[in-house]
Each structure stands twice: as structure tokens, then as C-alpha cells.
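A.B. asks: With positions in the sequence shown counted from 1, the corresponding number in the numbering used here is that position plus 394.
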Amino acid sequence: MGLKSYSRGKAIHLMLVYTGGCNGCDIEIVNCVLSPKFDAEQYNVFLTWNPREADVLVVTGPVTKLNKKPLEKIYEAIPNPKAVVAAGSCALMGGVYKNIHGDIPSEEICGPVENVIPVDAKVPGCAVRPQDILAGVVSALPKLLNAD
Ligand code: SF4
Numbered sequence: 395m396g397l398k399s400y401s402r403g404k405a406i407h408l409m410l411v412y413t414g415g416c417n418g419c420d421i422e423i424v425n426c427v428l429s430p431k432f433d434a435e436q437y438n439v440f441l442t443w444n445p446r447e448a449d450v451l452v453v454t455g456p457v458t459k460l461n462k463k464p465l466e467k468i469y470e471a472i473p474n475p476k477a478v479v480a481a482g483s484c485a486l487m488g489g490v491y492k493n494i495h496g497d498i499p500s501e502e503i504c505g506p507v508e509n510v511i512p513v514d515a516k517v518p519g520c521a522v523r524p525q526d527i528l529a530g531v532v533s534a535l536p537k538l539l540n541a542d
């Protein structure tokens, strides 16, 4: 087992990126990690705001055109191997942000997330449930833990 796999076996760092949306999913993700009810930190799952420290990028929102470049930059800044979890119906299919014809991409939206960066796990919901977020992160772990 390599050093990266060993360290990831001890702790996983999530970076949360908002790309539009209503913040409902973001609140649930922070709830999942920090609140006493779900307390993912007890399983050594932590939040970070530093892409160089992140293992898993969790993306919410439909990816507005304004947020496309910042999302790509953050994705590039995370060291390989990395995993991406798209969280919420906005991130998966545009959710309530489709245009009036029900289309996505629309005039303001270039998502869903998988149109912009590769996605390893999809977590449905509006808003996402904390236990589903954890399940989505766990489903992406083999990619990280077996990488070296
Ligand atoms: S999926 Fe629902 S809760 Fe999440 S950002 Fe979109 S509208 Fe808000």
C-alpha cells in the first residue's frame, strides 16, 4: 500500500463546491460532517476549503456559466487520484434551474456537473439526505484507496 492510500485509509477530506442552486444541499452536506446528529468526523471524514488537501470534491448546484471556470480550476488543483461526487438534483440534471422548455444546458446553465468535470458518484435528492451523501462518498473510496 502506498503512502496516499495509507493516509486516505486514516482520513478523507471533502471539499464542497457550490456552483449555483439554493444552498439547501450545502446545508445538508455541512450538517452531515459537522452536526452532532450525523458527525461524519467520527469516521475521520473532514471538510476542507483547500483543494490541495482534498480527496473528494462534492459539487452542488446546476453549474452556472459564471461558476464553470472556477469549478474546473478547483478540480485541476486537487491532486490525483481524486473523486467527484455530484450532490442533488440540480447537480445531476439541472433540477429547478432548467429553462422554461425544460432543457439544460440553458442560457445561464452549462451543467449538469458531468458536462463540466468527470463525476464518480451521483447522490440524488432535493435536498440531499446526509446519509446518502456519506453513501456516495463511500462508493467513491475504492478509486482513491486502490490508486497506488
Ligand atoms: S437540489 Fe434542491 S436543495 Fe439542492 S441546490 Fe438544488 S434546489 Fe436546492
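Beta carbons: idealized from backbone N, C-alpha and C, even for Gly. Since we're looking at a predicted model, the values are computed, not measured.
#1: Compute the beta-carbon to beta-carbon distance between residue 478 and residue 451, rounded to the nearest angstrom, for a pair I have assumed lies under 8 Å.
#2: Counting along the chain, where does the alpha helix (DSSP H) carrying residue 469 start and finish?
#3: Hey, would you say residue 458 sits closer than 8 Å to residue 503, going by beta carbons?
#4: Quick one: does the C-beta of residue 458 sit closer than 7 Å to a heavy atom of ligand 1?
#5: Thinking just about the alpha-carbon of each residue, which of 411, 396, 456 and 419 is nearest to the one in residue 522?
#6: Using CA coordinates, which residue listed in 431, 498, 474 and 463 is at the minimum distance from residue 402?
C.D. replies: Once the coordinates are examined:
#1: Stepping through the sequence shown from its first residue, residue 478 is reached at position 84. Stepping through the sequence shown from its first residue, residue 451 is reached at position 57. Right, the Cβ-Cβ distance comes to about 5 Å (below 8 Å), so this counts as a contact.
#2: In the sequence shown, counting from the first residue as 1, residue 469 sits at position 75. Here the alpha helix (DSSP H) through residue 469 covers 459-471.
#3: Counting from one through the sequence shown, the residue named residue 458 turns up at place 64. Counting from one through the sequence shown, the residue named residue 503 turns up at place 109. Going by C-beta atoms, residue 458 is nearer than 8 Å to residue 503.
#4: For the purposes of this step, residue 458 is taken as residue 64 along the sequence shown, with counting starting at 1. False, no ligand heavy atom lies under 7 Å from that Cβ.
#5: By one-based count along the sequence shown, residue 522 stands at place 128. Considering only alpha carbons, the answer is 419.
#6: As a working note, residue 402 is residue 8 in the sequence shown. When each option's Cα is compared against that of residue 402, the closest is 474.
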